[in-house]
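Heads up: the structure comes next, in structure tokens.
Protein chains: 2
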Amino acid sequence: MNQRYSIAIHGGAGTIRQGEMTPEKQNEIEKTLNRSIKAGINILKAGGSAIDATASAVVVMEDSPLFNAGKGCVFNSAGFIEMDASIMCGKTLDAGAVTCVRNVRNPILLSQELLTGSRHVLLSGKGAEDFARKAGLAFEADDYFFTRHRYEQLQKAKTEETVQLDHSGSNDGKFGTVGAVALDLAGNLAAATSTGGMTNQAEGRVGDTPIIGSGNYANNQTCAVSCTGIGEGFMRSVTAFDVSALIEYKGLSLTEACEYVIHEKLPKVRGMGGLIAVDIRGNIAVPFNSEGMYRAWCQQNGEVHIGMYRE
Amino acid sequence: MNQRYSIAIHGGAGTIRQGEMTPEKQNEIEKTLNRSIKAGINILKAGGSAIDATASAVVVMEDSPLFNAGKGCVFNSAGFIEMDASIMCGKTLDAGAVTCVRNVRNPILLSQELLTGSRHVLLSGKGAEDFARKAGLAFEADDYFFTRHRYEQLQKAKTEETVQLDHSGSNDGKFGTVGAVALDLAGNLAAATSTGGMTNQAEGRVGDTPIIGSGNYANNQTCAVSCTGIGEGFMRSVTAFDVSALIEYKGLSLTEACEYVIHEKLPKVRGMGGLIAVDIRGNIAVPFNSEGMYRAWCQQNGEVHIGMYRE
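Heads up: the sequence lines are chains A and B, in that order. Every number in the numbering used here is 1 more than the matching position in the first sequence, counting from 1. Every number in the numbering used here is 1 more than the matching position in the second sequence, counting from 1.
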């Protein structure tokens, strides 16, 4: 029995620019990050699994309008919301993931249902929604997911003809992809990630979040990783698995592996963003090459730390 | 300038059982494999790119009813066909992929259009089909894709309530996922893969084929890989990228890396299938842990070899 747990969460690498952050906004985001990580910690403390802890932490952020996942999702170019999520168990290497789902309240819980209850790893669109219905998961009408600032972000992006990173670079783009990684008392790792993608993205665009090995990965031999940023760079770099491979095959430490993929490899494919990772000894790394990354972590039963920008 | 090219193709790891193969069937499959690899070789000989060579080789198999890709796709449990494909350039690490597309004649050409003409790596469903229309790609009506034996396979699978590997284990299931890897005269690698998934799979099920790092990967630092088999095992193992990582970080040879992932790692997640790979020096590996894998290869301007079962 492992004597200590560790957990880290992120609320996206595309943050509100530091110069545009207000104390009120900062307080609101920090409070939600704190609620999210506490949800995970409570499960870990009670001897619960890393899978349950990461899913619970992600649910808190999916239920908040502050992040680009669940309720706070951005709009695609066709004017509606499509969500992606994935979760992986480091002990069994079982994984569940969904892409292009609509109206499912908590895509991370749908991913967890797939992990435990399906022979398939990844379901898309209507097939994923059918599975959610059979599993009895909550659905919400479109207006639940409607947030005015997201709609305004889309109009602005359309005018500028750009695809915005979840959030970054926009005055009113305050939010991001969410994720959690944890080591539980039984010594098992898990990673969970959930997103609405990028404002003004093409209908049907799939980013790195539901891709096992790119946006999310967990393996008890090495580490658990959840990524955030412009997904295409993470997909071309197979970033989450790469961290694990650098530890397993090259003998790098968690921090060395994470720093290398974020600061050396990702920029070579014009990649921008960050990740959170925890290794099998409870070490945590939270590197990013963007201006900021909303994050919180609690290492080996210690204090909760919350960060938003570079320190 | 590299003086030699290499190319390998596969027509799936789930082959007709050796005892049930007839000389006529074998001849038909071998002829198509030969036409496919020759399409690639002709491009490579003329100084064309590995991307064009692998795409052309795959198109030949997509246009044949003999393989589970394009025309010969299997049916999902809802009774229709959804196709996945991906292609990756080892020089730039650019990639294009599609999932859950219907009625597109050549999903590999759609992937190639995405590689060159989109900021996105992976498009799903209607969004991918919209992109295909804008790119002027050929569409076919449902009856083009209808093959009686595929329909019978579905009825049989429904009766047995199983999900069949592309093809394996069924008396009349003669075909498989297709793929190609190549090294061109300019020293660039590419990998291309295309599939209809598994008979009786859930609507919206996404396998390893369109997942960069799992079913398909290319990197000029190491190798190009295309996988075939039960996709979930390859997704949980991140197999294609793992071959590359074992070469880059652990110093394994191409053959050592391929043998390790297919015979050691894949069985640990109940994975079944095989892969084809070519490294930057033109070496080729074609390992599989299934009864057979339809395959052909031509190493460093040498002869064309064709294989179906263990040798």
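From the three backbone atoms N, C-alpha and C, an ideal C-beta is built for every residue, glycine too.
Test: residue i CB closer than 8 Å to a CB of chain A
| i | result |
| --- | --- |
| B/E204 | yes |
| B/G197 | no |
| B/K251 | yes |
| B/H242 | The sequence as given places Phe at residue 242 of chain B; His does not occur at that position. Yes, contact with chain A. |
| B/K5 | Strictly speaking, residue 5 of chain B in this sequence is Arg, with Lys absent from that position. Not one chain A Cβ lies under 8 Å of B/R5. |
| B/S87 | no |
| B/S215 | yes |
| B/L247 | yes |
| B/R237 | yes |
Burial state of residue i (16 or more Cβ within 10 Å)
| i | result |
| --- | --- |
| B/T100 | buried |
| B/R151 | buried |
| A/E265 | exposed |
| A/T210 | buried |
| B/N28 | exposed |
| B/G71 | buried |
| B/E21 | exposed |
| B/R1 | Because chain B is modelled from 2 through 312, residue 1 of chain B falls outside the range shown and cannot be assessed. |
| A/D167 | Residue placement at A/D167 is flagged as unreliable, the pLDDT there being 49, under the threshold of 50; a coordinate-derived value is accordingly withheld. |
| B/R206 | buried |
| A/A142 | exposed |
| A/P108 | buried |
| B/E312 | exposed |
| A/E161 | exposed |
| B/E25 | exposed |
| B/Q19 | exposed |
| B/D243 | buried |
| B/T33 | buried |
| B/F81 | exposed |
Contact belief for residue i with residue j at Cβ below 8 Å, rounded distance in angstroms
| i | j | result |
| --- | --- | --- |
| A/G73 | A/V102 | Wrong, their Cβ atoms sit about 16 Å apart, outside the cutoff. |
| B/S7 | B/C299 | 7 Å |
| B/A241 | B/N217 | 6 Å |
| A/I212 | A/M236 | 6 Å |
| A/S37 | A/V61 | 4 Å |
| B/L276 | B/T229 | 7 Å |
| A/A181 | A/A58 | 4 Å |
| A/N1 | A/G197 | The structure shown does not extend to residue 1 of chain A, since chain A is modelled only from 2 through 312, so no value can be given for it. |
| A/Q113 | A/G97 | 6 Å |
| B/S238 | B/A86 | Not really, about 20 Å apart at Cβ, beyond 8 Å. |
| A/N189 | A/S50 | 6 Å |
| B/K159 | B/N201 | 6 Å |
| B/G177 | B/T16 | 7 Å |
Cut-off 7 Å between Cβ atoms - residues of its own chain near residue i, not counting five sequence neighbours on either side
| i | result |
| --- | --- |
| A/G286 | This sequence places Ala at residue 286 of chain A; Gly is not what is there. Cβ neighbours of A/A286 beyond the five flanking positions: L255, T256, C259, A278. |
| A/R1 | Residue 1 of chain A is absent from the model: chain A starts at 2 and stops at 312. |
| A/F289 | A14, I263, G274, G275 |
| A/D173 | Residue confidence is low: A/D173 scores 37 on pLDDT, short of 50, so the model does not pin down where it sits. Its coordinate-derived value is still stated next. Hits under 7 Å: H150, E153, Q154. |
| A/E249 | Q222, T223 |
| A/I231 | L166, G272, M273, G274 |
| A/F146 | K72, C74, I82 |
Any chain B beta carbon closer than 8 Å to residue i
| i | result |
| --- | --- |
| A/A14 | no |
| A/L101 | Note that residue 101 of chain A is Cys in the sequence shown, not Leu. Judged by the 8 Å Cβ criterion, A/C101 is in contact with chain B. |
| A/D167 | Because the pLDDT of A/D167 is 49, which lies under 50, any placement of that residue in the model is unreliable, and the question is left without a value. |
| A/R271 | no |
| A/I212 | yes |
| A/A96 | yes |
| A/V105 | no |
| A/V179 | no |
Proximal residues to residue i (C-beta, below 6 Å), its chain only, five neighbours per side dropped
| i | result |
| --- | --- |
| B/N302 | R5 |
| A/E292 | none |
| A/I52 | C90, A191 |
| A/N284 | L255 |
| A/A129 | V99, V102 |
| B/N220 | G91, S245 |
Nonlocal neighbours in the same chain, by C-beta distance under 8 Å from residue i, ignoring five residues either side
| i | result |
| --- | --- |
| B/I30 | G12, L67, K175, Y295, M309 |
| B/V305 | N35, I38, K39, I42, A297, W298, C299 |
Please name the residues in the segment 114-138 of chain A whose beta-carbon is closer than 9 Å to at least one beta-carbon of chain B, in chain order.
-> S119, R120, H121, V122, L123, L124, S125, G126, K127, G128, A129, E130, D131, F132
Quick one: which residues of the segment 223-235 of chain B get their C-beta closer than 7 Å to a C-beta of chain A? List them in chain order.
-> E233
Chain B contacts made by the segment 182-196 of chain A, where a contact means CB separation under 9 Å = none
Going along the segment 57-75 of chain A in order, which residues come within less than 8 Å of chain B, judged by CB to CB distance?
-> none
Chain E contacts made by the segment 253-286 of chain B, where a contact means CB separation under 7 Å | Going by chain labels, chain E is absent from the structure shown, which instead holds the protein chains A and B.
When Cβ atoms are compared, which residues of the segment 289-309 of chain A fall closer than 8 Å to chain B?
-> Residues: none.
Mind listing which residues of the segment 32-49 of chain A have their C-beta closer than 7 Å to chain B's C-betas, in chain order?
-> none
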